[in-house]
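Here is the structure we will look at, set down as structure tokens.
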Amino acid sequence: MQGQMQSQPLLISSLIVHAERHHGSTEIVSRRVEGDIHRATWRSVSRRSRQIANALDALHLGFGERVGTLAWNGYRHLELYFGVSGSGRVLHTLNPRLHPEQLVWIINHADDRALCFDMTFLPLVQAVWSKCPGVKHWVALCDADALPADSGIPGLQSYETWIGAYGDTYIWPEFDENTASSMCYTSGTTGNPKGAVYSHRSTVLHAYGAALPDALGCSARDAVLPVVPMFHVNAWGLPYSAAAVGCKLVFPGPALDGKSVYDLIEGEQVTMAAGVPTVWQMLLGHVQSNQLTFSSLKRTVIGGAACPPAMISAFRDGCGVEVLHAWGMTEMSPLGTVCTLKNAQLALSPEEQNGIRLKQGRSIFGVDMKIVDGEGKELPWDGKTFGDLLVRGPWIIASYFKGEGGDPLQYDEAGRGWFPTGDVATIDADGFMQITDRSKDVIKSGGEWISSIDIENIAMAHPAVAMAACIGMKHPKWDERPIVAVVRKPGAELTREALLAFYEGKIAKWQIPDDVVFVDAIPLGATGKMQKMTLRQQLADYRLPGI
Ligand code: AMP
741 MQGQMQSQPL LISSLIVHAE RHHGSTEIVS RRVEGDIHRA TWRSVSRRSR
791 QIANALDALH LGFGERVGTL AWNGYRHLEL YFGVSGSGRV LHTLNPRLHP
841 EQLVWIINHA DDRALCFDMT FLPLVQAVWS KCPGVKHWVA LCDADALPAD
891 SGIPGLQSYE TWIGAYGDTY IWPEFDENTA SSMCYTSGTT GNPKGAVYSH
941 RSTVLHAYGA ALPDALGCSA RDAVLPVVPM FHVNAWGLPY SAAAVGCKLV
991 FPGPALDGKS VYDLIEGEQV TMAAGVPTVW QMLLGHVQSN QLTFSSLKRT
1041 VIGGAACPPA MISAFRDGCG VEVLHAWGMT EMSPLGTVCT LKNAQLALSP
1091 EEQNGIRLKQ GRSIFGVDMK IVDGEGKELP WDGKTFGDLL VRGPWIIASY
1141 FKGEGGDPLQ YDEAGRGWFP TGDVATIDAD GFMQITDRSK DVIKSGGEWI
1191 SSIDIENIAM AHPAVAMAAC IGMKHPKWDE RPIVAVVRKP GAELTREALL
1241 AFYEGKIAKW QIPDDVVFVD AIPLGATGKM QKMTLRQQLA DYRLPGI
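Just so we're aligned, residue 741 is where the sequence shown starts under the working numbering, counting upward by one.
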């Protein structure tokens, strides 16, 4: 027997229709590339997204064709999120921090037909356009008068002129919910980047899941600041969840320094913010050195890389702001787990609670996970045994764009496909997952595994340390031994011996790094994550003490 409910497809256009109808006057505030603060509403974003749909139709851009963006977080980018996908084209968010050659490769691999970019990236586009013959339309996200007289880019037009030529009457088409809606390439630390292609269905389901109270907990009463870029896994899906719940959105544009982010939080009375640890480091630095407080901020979601314990306590104890540690990846749309405590954990001592807050958290409904050994055998959820973390669910990748890399899934006895995350984790009896490492970063010493994240977290808790990265070095007896590369805080003094002594009593003796290497900077990738491969190359001539 079939169910007898309406089978309306889950489409991204329904999110913006809902936001306009029920939250039309709720504000969308953006710090623009131009430097000013721009105020829009869900109503205006919706109206202009329909103008985009008409403009794309007029270009005869076909159903499923890709429209690339090279843009910061702002209202125009948000309009493209809905206008491009809602009309059946695929939004391809490009990471401007990539090397130009990598960008060219990705634009051509994705077969982008149009590309919309912030004026910040004009020099970048001037450097790459001639190598992207498939892109037929170049649009600068600016007013007509901000467009340079001769950019050298053929047919370049301003976004405002482009969409301004079209009306806002448009009926969003209905189509199969499994149609592609947007795509994003993985960071590609090894080999070429691979494209993750999201569908309308996966995006709408993710929007529901991410907004749940024990996940990001967004509501119409929130003012949300996504510092996480809209070019990195759709800003963790926040634009979609925000439209579903009708919260106010506040966009930081290109200004991610501590003062700019703080001023925006206070000026717009932001209640929730989301970003990677490096951004929060800058914000906390500004708050601490100017003895500031937050008047509205209730919680920050921190993910994308392990959140150092010192950051959790600086926010909670120092600023009264709850930290939600979250984990996910490009291939997961991206949200997998969020660390919200249950009653059982809230009854524990503050120290015990802190130990749990460090974990990456519980899976949100829609994401099933398990840990397995080298043979694929499931391991116990005891909080101690660690293994390869596998996931499955309706917003988790089944295959990469153009089938790149073959079938990525691992199959269980029932024939169900699980995606191997490449992370190594433990899961405790209450379902709290903790990442101990990327499988390629874990340090194998004398048959035992040492978590590089543990070593980094301890170093980061030292008051003189600005940043720390732990890597394994070849050792003739132990196979590998950990060393920690450290950037000192400006003006701070710290010796190798003092930092090594700081580890004593915090981890087992054999896990303490063999050496400390002081460096000026830790190499960061395009999404703000530490590039341990590059660090290893930089330390190619390094030898462990006594070897
Ligand atoms: P990306 O696809 O670029 O978002 O990278 C995903 C990877 O980032 C994951 O597989 C993890 O290795 C890492 N990651 C994301 N969030 C966290 C977190 N909260 N703690 C530790 N690692 C994380």
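Even glycine gets a Cβ: it sits at the ideal position worked out from N, Cα and C. These numbers come from a predicted model, not from an experiment.
{"query": "Can you tell me whether S959 is buried or exposed, with buried defined as 16 or more other CB within 10 angstroms of its CB?", "result": "exposed"}
{"query": "Tell me, which residues are paired with W1158 by DSSP?", "result": "Q1150"}
{"query": "For R1056 and A1050, I'd like the C-alpha separation in whole angstroms.", "result": "10 Å"}
{"query": "If you measure from the CB of A1199, is any heavy atom of the ligand AMP nearer than 7 Å?", "result": "no"}
{"query": "Jot down the residue ranges of each uninterrupted beta strand (DSSP E) in the region 1190 to 1267, minimum 3 residues, whole runs only, in chain order.", "result": "1205 to 1215, 1219 to 1228, 1255 to 1258"}
{"query": "Quick check on the DSSP output: the beta strand (DSSP E) that includes W812 runs from which residue to which?", "result": "Neither: W812 is in no beta strand (DSSP E) and is coded neither H nor E."}
{"query": "Do the region 1118 to 1136 and the region 1196 to 1206 touch if we need at least three Cβ pairs shorter than 8 Å?", "result": "no"}
{"query": "P1074: beta carbon under 7 Å from a heavy atom of the ligand AMP?", "result": "yes"}
{"query": "Just the C-alpha distance for T1077 and W1121, rounded to the nearest angstrom, thanks.", "result": "15 Å"}
{"query": "Answer yes or no: do L810 and H946 have a C-beta to C-beta separation smaller than 8 Å?", "result": "no"}
{"query": "For my contact list, V1227 and V1259 are in at a C-beta cut-off of 8 Å; report their separation, rounded to the angstrom.", "result": "6 Å"}
{"query": "Relative to the ligand AMP, is the shortest distance from any of its heavy atoms to the C-beta of M1069 smaller than 7 Å?", "result": "yes"}
{"query": "Return the CA-CA distance between W902 and L796, expressed in angstroms with no decimal places.", "result": "10 Å"}
{"query": "Under 8 Å by Cβ, that's how I've got Y1243 and K934 pegged, so tell me the actual separation to the nearest angstrom.", "result": "Going by Cβ atoms, the distance from Y1243 to K934 rounds to 37 Å, so no, they are not a contact pair."}
{"query": "Does the separation of the CB atoms of P836 and L862 fall below 8 Å?", "result": "no"}
{"query": "What is the DSSP secondary structure of K988, counted as helix, strand or coil?", "result": "strand"}
{"query": "Can you tell which of L1129, L952, A1046 has the C-alpha that lies nearest to the C-alpha of C1210?", "result": "A1046"}
{"query": "So within the region 995 to 1025, which uninterrupted beta strand (DSSP E) runs reach at least 3 residues, ignoring any that extend past its ends?", "result": "1012 to 1015"}
{"query": "If we ignore side chains and look at the alpha-carbon of each, how far apart do H972 and P1048 end up?", "result": "21 Å"}
{"query": "Just confirm the distance between the C-beta atoms of M1273 and I1262, as a whole number of angstroms; I'd bet it's less than 8 Å.", "result": "Actually they are not in contact, since the Cβ atoms of M1273 and I1262 sit about 12 Å apart, beyond 8 Å."}
{"query": "Considering only heavy atoms of the ligand AMP, does any lie closer than 7 Å to the CB of D1128?", "result": "no"}
{"query": "Relative to the C-alpha of W1218, which candidate in Q1251, A1013, V1016, S1192 has its C-alpha closest?", "result": "Q1251"}
{"query": "Is any heavy atom in the ligand AMP found nearer than 7 Å to the beta carbon of T1161?", "result": "yes"}
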